[in-house]
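Heads up, the thing below is written out as structure tokens.
Number of protein chains: 2
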Amino acid sequence: MRGVGRKRLPESVDGRPTVHTVAARAGVSIASASRVLNGVGGSPETIRKVRAAAAEVGYVPNAIARSLQSQRTGLVALAVEDIGNPVYVEMMRAIESVVAASGRQLLVHATGGQIANETALLRRLAHRYVDGMIISPIRVTDNHLAALVDSPVPVVVIGQLAADAPVDNVRTDSRTGVGLAVDHLVAAGRRRIGFVNGPLDTVPGAARDAGFRAALAGHGIALDERLVEVGDFRYAAGRAATERLLARAEPDALVCANDLIAVGALHALLAAGRRVPEDVAVVGMDDTELARMMFPQLSSVSLGSAERGRRAAELLLQRIADPALPPRREQVAPSLAVRASSAATPFVPAPAEPAPAPRTPEVTA
Amino acid sequence: MRGVGRKRLPESVDGRPTVHTVAARAGVSIASASRVLNGVGGSPETIRKVRAAAAEVGYVPNAIARSLQSQRTGLVALAVEDIGNPVYVEMMRAIESVVAASGRQLLVHATGGQIANETALLRRLAHRYVDGMIISPIRVTDNHLAALVDSPVPVVVIGQLAADAPVDNVRTDSRTGVGLAVDHLVAAGRRRIGFVNGPLDTVPGAARDAGFRAALAGHGIALDERLVEVGDFRYAAGRAATERLLARAEPDALVCANDLIAVGALHALLAAGRRVPEDVAVVGMDDTELARMMFPQLSSVSLGSAERGRRAAELLLQRIADPALPPRREQVAPSLAVRASSAATPFVPAPAEPAPAPRTPEVTA
DNA sequence: CTGTCTGCTGTAAACGTTTCCGGGAGTCTC
DNA sequence: GAGACTCCCGGAAACGTTTACAGCAGACAG
């Protein structure tokens, strides 16, 4: 049977069929096979043969090879610090819907807030595994920034960035956001307002600290440093920080740097026998689903996370389409949602809110 | 100046330097350049020249091309239904730590529970963008299963699967898990035990429904169908379902198919003026951080999500290392954590639990 | 001085696609 | 009946890496 140069069917190194396998089996060239498989061109007869051959051998295209050729993967990445933080979940949902509408897929990566991690991610993912990425860093060093600036793939940053950084950027004004909370509490007659913050060496931590001090000053209230406490941005730290604070001071209100911290604070307060909001009012930040899930429901400053996510995704898609675009910067205004945890009236279980609350600013100052 | 065949520096189509660019600039062959860049071989002089050239042009390797050659990407994907569900966050954290330890990176994808979505993901990602994937489907059709079975990359499934499915699989026994909750409630004297479940056409929904019925029967308690209600697995649906249930029946306890539903139930109960646990005891499922964040803290059946994630990741890594392994199946036992929401004594704010609670089964039946 | 060995180097062939290009066959128009 | 036009096909060149192989120079032993 061995006769006229009978070549074995070419197949991938791991035994999987390639386009060569299909072409050989269908008795056409790989060019024709590829065309048929991509649904572009081919005579009816060719189409039939190639389709049949592909089905018989169970052909599935190698996405990597395709990407190498086409220079795109159809994947977009989102890098955030902590997926456990509901604010990122909301952001992610918004981004996902935009990205999916463009026919791409979203991949999420949790960095744990470590710079090294984020830079490594850039080094790996950005080097062509994805068509673009959205990144929401909480710490930004010069190194980091440099890596962002000359990333090989388009990058959009959600969060504060040096004013002249040539990177697409969607930000909010959390300084002002903290101000909204303070204004609200002062208007409700609170004067010993405490603050439970995240790390000061993070961008949001620093901004919120500054906002808190500025807001108090704006009302002519002297800041009692014993009313300020710092942890990280998670629940346990928020609870611990609040316990430390309560051990040395008597606040009549607490502003918390995010909702997870606020939940921790709420628990610390209740466990210490304080009533919320009668003894101590609590205002969180980010206005996540969690705020509505607490009892009492938490007042919270919305930083428009879904909106920021949506806009960032749009910026990214535009930049992917046209990398020559000048860097753009967008801003989303904060607003305050007042709920039971800081309401003047004693707490009564509220009726169900329209749960995933679309973007209807509730009280905007 | 134009003289002896002076070729322009070869570079990527989008103007970025390639290994050719570096090689030309360093005056060596691409083979030598590649070797130096990979840190294997090269004379001191060559190394110096190549390093210099690479730095000058800002060379960064194209990961796709490298993967095409090496047949691996160093990426592992996790596909879950809903990242907003904290149970998946815990799973993800466990997986991430195993995966990262192997020098790979984890990407997360939310499928929204739609089969089409998951299949599409398999079609895209699995076709070589990742070295393997862990998938936790809540619905499984034959089609779906077929796609899993002959996935081109290793797949590990977290969740129930047909017994003979030749796919690596880590499961728990949520039927038994529901039983633990019912046993506990019955032992506490509750008799009109309700059940708020997720969709019955999902694998976990069906299993939990069966478990609930079996457990009641085991105690000789007749099931009142008015005490059973169904929504989806999220907060809002849990709350709405509980409201419907309360409108027509008077449970003295509620078993909820996961913690998000339990939170919804808790709110519906409190808003309807019921006291928890005095009037109605509540037990959730998954034992997520959320359960400890509620007031009163929620009793919850742990299904070992972190443990399942960890094991799944290990299975996956083993399979990537040796694809010829026979399909394996592992099981994680459920356990019950009793907290205030179902405690016999009236609710008192508990001291802080060791927050991320490592795997210490608290009450195991 | 010859032969073997060692260490670098460059050429070229992969990896699995897509796509440009030229050629051939068929149809239509004048 | 010849030219223009359309359609389909196959060969071959990309895309940017890694790597097998062979050649070549120098070091060393006999």
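First to last, the protein sequences are chains E and P.
Per this note's numbering, residue 183 is the first one in the first sequence, and the count goes up by one each step.
Per this note's numbering, residue 183 is the first one in the second sequence, and the count goes up by one each step.
Backbone N, C-alpha and C define an ideal beta-carbon position, used for all residues, glycine too.
Owing to the predicted nature of the structure, the values given are computational and were not obtained by experimental measurement.
Handout entry: Beta carbon proximity, P/I316 to chain E, threshold 8 angstroms
Key = no
Handout entry: Closest by C-alpha distance to E/V338, when choosing among E/G221, E/L260, E/V464 and E/Q479
Key = Selected option, being the one with the closest Cα: E/L260.
Exercise for the section: Name, please, each residue of chain E whose Cβ falls closer than 8 angstroms to the Cβ of P/L289. Expected result: A259, L289, V290 and H291
Practice task
Check whether the Cβ atoms of E/G380 and E/G341 sit closer than 8 angstroms, and answer yes or no.
Solution key: no
Handout entry: Contacts of P/E278 in chain E (Cβ-Cβ under 8 angstroms)
Key = A292
Exercise for the section: Could you tell me whether the segment 458–468 of chain E touches the segment 395–405 of chain E, using the rule of 3 or more Cβ pairs below 8 angstroms? Expected result: no
Exercise for the section: Could you check the C-alpha separation between P/R217 and P/A488 for me, to the nearest Å? Expected result: Going by C-alpha positions, P/R217 is about 41 angstroms away from P/A488.
Handout entry: Cβ of P/N379 within 8 angstroms of any chain E Cβ
Key = no
Problem - Beta-carbon proximity list for P/A494, same chain, < 7 angstroms, skipping 5 on both sides - result: Cβ neighbours of P/A494 beyond the five flanking positions: I277, I316, V338, I340 and V352.
Practice task
Kindly identify the DSSP beta-bridge partner or partners of P/R353.
Solution key: P/Q513
Exercise for the section: Using alpha carbons as the reference points, say which of P/R408, P/L448 and P/P348 lies closest to P/G466. Expected result: P/L448
Exercise for the section: Check whether the Cβ of P/P540 lies closer than 8 angstroms to any Cβ atom in chain E. Expected result: Residue placement at P/P540 is poorly supported in this model, since its pLDDT is 40, which falls under 50; the coordinates still yield a value, given next. No, P/P540 does not count as interfacial toward chain E.
Handout entry: Test: E/H326 CB closer than 8 angstroms to a CB of chain P
Key = no
Exercise for the section: Starting from P/V378, trace the beta strand (DSSP E) both ways and give me its first and last residue. Expected result: I375 to N379
Exercise for the section: Give me the Cα-Cα distance between P/A283 and P/E496, rounded to the nearest whole angstrom. Expected result: Rounded to whole angstroms, P/A283 and P/E496 show a C-alpha spacing of 11 angstroms.
Practice task
Tell me, please, whether the segment 307–326 of chain E touches the segment 258–274 of chain E by the rule of three or more beta-carbon pairs shorter than 8 angstroms.
Solution key: Yes: the two stretches touch, three or more of their Cβ pairs being nearer than 8 angstroms.
Exercise for the section: State the Cα-Cα distance for the pair E/T354 and P/S333, rounded to the nearest angstrom. Expected result: 43 angstroms
Practice task
Quick one: residues in its chain with C-beta nearer than 6 angstroms to the C-beta of E/A208, no 5 flanking neighbours on either side, listed in chain order?
Solution key: K231, V232 and A235
Practice task
Examine the ligand MN and report whether any of its heavy atoms sits within less than 7 angstroms of the Cβ of P/E300.
Solution key: As for the ligand MN, it is missing from this structure, which has no ligand bound.
Practice task
May I ask which residues mark the beginning and end of the beta strand (DSSP E) holding E/H291?
Solution key: Q287 to A292
Exercise for the section: For E/I229, collect the residues of the same chain with a Cβ closer than 7 angstroms to its Cβ; drop the 5 residues on either side in sequence, then sort them by chain order. Expected result: Once the five neighbours on either side are set aside, the close Cβ partners of E/I229 are V218.
Handout entry: Those residues which DSSP pairs with P/L260 across a bridge
Key = P/V290 and P/I316
Handout entry: Exposed unless 16 or more other CB atoms sit within 10 angstroms - verdict on P/V281
Key = buried
Handout entry: Under 8 angstroms by beta carbon: chain P residues contacting E/T255
Key = I246 and Y311
Handout entry: Cβ-based burial, P/Q251 [other Cβ within 10 Å; buried from 16]
Key = Using a 10 angstroms sphere on the CB of P/Q251, the tally of other CB atoms stays under 16, which defines it as exposed.
Problem - Proximity test, Cβ basis, 8 angstroms: E/V331 and chain P - result: no
Handout entry: Burial state of P/N325 (16 or more Cβ within 10 Å)
Key = exposed
Practice task
Give the straight-line distance between the Cα atoms of E/R501 and E/L343, rounded to the nearest whole angstrom.
Solution key: Each residue's alpha carbon lies about 18 angstroms from the other.
Problem - Burial state of E/T323 (16 or more Cβ within 10 Å) - result: exposed
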